[in-house]
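Novice:
Numbering (UniProt numbering), first residue to last: 1 to 93.
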């Protein structure tokens, strides 16, 4: 599996999971590892905003800030929705 595919799967799994930091705990370590393994993305890469949202979410978790974590998770869900909408348009074209 490519680092990109692994990252997308980990991010999507966490975004789809209901609950906050404690409910997501089993998904955070794989996401952090996948985020670290993902090579630099070129400017304009559709996955860039998803990676940024993941980094914000992981930082909120490390800080133990449940409110910021919730906001970051919402942002991750929105960024992933936009990413997948773009993929749908690519497939439909």
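We treat Cβ as the ideally placed atom computed from N, Cα and C, and that holds for glycine.
Note that the structure is predicted; figures quoted are calculated from it, not measured.
By alpha-carbon positions, which one of 89, 88 and 83 ends up nearest to residue 7?
Specialist: By one-based count along the chain shown, residue 7 stands at place 7. It is 83 whose Cα lies nearest to the Cα of residue 7.
Novice: Would you say the stretch 62-69 touches the stretch 19-38, given that touching needs at least three Cβ pairs under 8 Å?
Specialist: Yes: the two stretches touch, three or more of their Cβ pairs being nearer than 8 Å.
Novice: With a cut-off of 8 Å on the beta carbons, I'd call residue 13 and residue 80 a contact; round off their distance for me.
Specialist: Locating residue 13 in the chain shown gives position 13, where the first residue counts as 1. Locating residue 80 in the chain shown gives position 80, where the first residue counts as 1. The Cβ separation is near 10 Å, so there is no contact.
Novice: Starting from the Cα of residue 43, find the closest Cα among 37, 36 and 51 and give me that residue.
Specialist: Here residue 43 refers to the residue found at position 43 of the chain shown. Looking at the Cα atoms, 51 is the closest of the given residues.
Novice: I'd like to know whether the C-beta atoms of residue 71 and residue 15 end up nearer to each other than 8 Å.
Specialist: Looking up residue 71 in the chain shown gives position 71. Looking up residue 15 in the chain shown gives position 15. Contact flag unset, no.
Novice: Count the other CB atoms, across all protein chains shown, that sit within 10 Å of the CB of residue 58; report buried if there are 16 or more and exposed otherwise.
Specialist: Translated into positions along the chain shown, residue 58 becomes position 58. By the neighbour-count rule (16 or more Cβ atoms within 10 Å), residue 58 is buried.
Novice: Which residues in the same chain have their Cβ closer than 8 Å to the Cβ of residue 86, if we skip the five residues on either side of it in sequence?
Specialist: Numbered from 1 along the chain shown, position 86 holds the residue referred to as residue 86. So the qualifying residues of the chain are 46.
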